[in-house]
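Going down the list, the protein sequences come from chains A and B.
So the first sequence is numbered by the numbering used here: it starts at 974 and just counts up by one.
So the second sequence is numbered by the numbering used here: it starts at 974 and just counts up by one.
Quick notes on the structure that follows.
Number of protein chains: 2
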Amino acid sequence: MNLGIKSRFWIESENEKFLGSGRVELLEKIDRLGSISKAAAEMKMAYRKAWGLIKSMNELSDKPLVIKQTGGKHGGGTVVTTEGKKAIILYKEFEEDLNFFLESRMSKLKL
Amino acid sequence: MNLGIKSRFWIESENEKFLGSGRVELLEKIDRLGSISKAAAEMKMAYRKAWGLIKSMNELSDKPLVIKQTGGKHGGGTVVTTEGKKAIILYKEFEEDLNFFLESRMSKLKL
Chain A
974 MNLGIKSRFW
984 IESENEKFLG
994 SGRVELLEKI
1004 DRLGSISKAA
1014 AEMKMAYRKA
1024 WGLIKSMNEL
1034 SDKPLVIKQT
1044 GGKHGGGTVV
1054 TTEGKKAIIL
1064 YKEFEEDLNF
1074 FLESRMSKLK
1084 L
Chain B
974 MNLGIKSRFW
984 IESENEKFLG
994 SGRVELLEKI
1004 DRLGSISKAA
1014 AEMKMAYRKA
1024 WGLIKSMNEL
1034 SDKPLVIKQT
1044 GGKHGGGTVV
1054 TTEGKKAIIL
1064 YKEFEEDLNF
1074 FLESRMSKLK
1084 L
């Protein structure tokens, strides 16, 4: 019989969810699109929901991951901070390491 | 900020759930109590549900993990087979290895 492993993981802070796959995807899209509403639309997520996730991440973090900039030459916009970019990398690196562990461990999975 | 990792995992066969924490706990209790109904009661699980889980595991496995024995000196009973015991060990060992990986990786988790 062919056995496989499925797993889910998320990173917590203060026993609350801080980073999961949906939150990190949202950060990446905001970084690319410069807009929470465009990012939410691409994920077929309500703006309210997206904003709630950002608020939760910003409050759990020492420094905010996403900030809104007002005014300026291009009329402002939403920006993923350096801290936010570090959070994306932290999550992705962990995910990669976990997948590597799972793949190598999977080959030993025999009943 | 203090970061932690939470994870869930399960073992699949033929893209269907084969072993998860509830299923393995059920196998362990059947092994100890010799009865599906007593095991289900300890888990506050309906007998029907427990039987469904056993049926699913038995069907996905090459050899059954749990069998009912009828008759005999002690009037029969339910037995976790050698294959079933191997399945429990397989799951537990994987869980231990994953926890070891997560703990060692967790110390590197800094934002």
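C-beta: ideal position from N, C-alpha, C; glycine also.
Item                                                                                                                        : Value
Any C-beta of chain A under 8 Å from that of B/ASN1031                                                                      : no
DSSP-derived helix/strand/coil call for A/THR1055                                                                           : helix
Exposure of B/ARG996, with buried meaning 16 or more beta-carbon neighbours within 10 Å                                     : buried
Separation of A/LYS1022 from A/ILE1015, as counted between CA atoms                                                         : The sequence shown places Glu at residue 1015 of chain A, rather than the Ile named in the question. Spanning the two alpha carbons is a distance of roughly 13 Å.
Segment contact flag, the segment 1051–1064 of chain A with the segment 999–1012 of chain A, C-beta cutoff 8 Å, min 3 pairs : yes
Distance CB(A/ILE1009)-CB(A/TRP1024) smaller than 8 Å                                                                       : yes
Coil, strand or helix - A/GLU1068 by DSSP                                                                                   : helix
Where the segment 979–1004 of chain A meets chain B: residues whose CB sits under 9 Å from a CB there                       : LYS979, SER980, ARG981, PHE982, TRP983, ILE984, GLU985, SER986, GLU987, ASN988, LYS990, PHE991, LEU992
Chain-ordered chain B contacts of A/MET974 [CB-CB under 9 Å]                                                                : SER986, GLU987, PHE991, LEU1033, SER1034, ASP1035
Host alpha helix (DSSP H) of B/GLU1001 (start-end)                                                                          : 994–1006
Under 8 Å between C-beta atoms of B/LEU1038 and B/GLY1057                                                                   : yes
DSSP state of A/LEU976 mapped onto helix, strand, coil                                                                      : strand
Between the CA atoms of A/ASN1072 and B/ILE1027 - distance to the nearest angstrom                                          : 29 Å
Euclidean distance between Cα positions of B/GLU953 and B/ALA1012                                                           : Within the shown structure, residues of chain B are numbered from 974 to 1084, placing residue 953 of chain B beyond reach of any answer.
Coarse secondary structure for A/SER1034, derived from DSSP in three states                                                 : coil
The segment 1053–1073 of chain A: positions lying closer than 8 Å to chain B by Cβ                                          : GLU1056, LYS1059, ALA1060, LEU1063, PHE1067, ASP1070, LEU1071
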